[in-house]
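Engineer:
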């Protein structure tokens, strides 16, 4: 028992000493990158509880989709784009059936529609999802 306790103390001391010696340049670079990323983000939360994203921060392809929506098309996936988004999971504010329409945001390198979408409400409010409807951000234009 005493040997196990001594061994455990030795491992604990070695772990503490290793962590106290500072980070290598790779760790420091990743920390700086994280700090830079978080300090420039303008994501906030809207009064409806959804996170928001500024139009300028959207991927180029999402901006192109919004332009197509504003112009009334033509859309790259005419059989799918402009269809009713039913909001079955309730991630978006509750509205009457048919209120939301979904549109594909092209994803470079994808052979299919990919996971990215713009969902537009009748009032012009738009939402962006990069993870196939698991989460949304209201677009601030």
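Numbering (my numbering), first residue to last: 937 to 1077.
Beta carbons: idealized from backbone N, C-alpha and C, even for Gly.
#1: Distance check for residue 1001 and residue 1047, CA to CA, integer angstroms please.
#2: Whole angstroms is fine: what's the gap from residue 1042's alpha carbon to residue 1075's?
#3: Under the three-state reduction of DSSP, which class applies to residue 1043: helix, strand or coil?
#4: Return the residue from the list 1069, 1055, 1065 that minimises the CA-CA distance to residue 1017.
#5: Run through the DSSP bridge pairs and tell me what residue 1054 is partnered with.
#6: Kindly indicate the opening and closing residues of the beta strand (DSSP E) around residue 1019.
#7: Please classify residue 1062 as buried or exposed, where buried requires at least 16 other C-beta atoms within 10 Å of its C-beta.
#8: Taking 8 angstroms as the limit between beta carbons, can you name the residues of its chain near residue 999, skipping five residues before and five after?
#9: Do you know how far the Cα of residue 1070 is from the Cα of residue 986?
#10: Is it right to say residue 1058 is buried, meaning 16 or more other beta carbons lie within 10 angstroms of its own, or is it exposed?
Structural biologist: With the structure as the only source:
#1: 18 angstroms
#2: 17 angstroms
#3: coil
#4: 1055
#5: 1039, 1064
#6: 1019 to 1021
#7: buried
#8: 991
#9: 12 angstroms
#10: exposed
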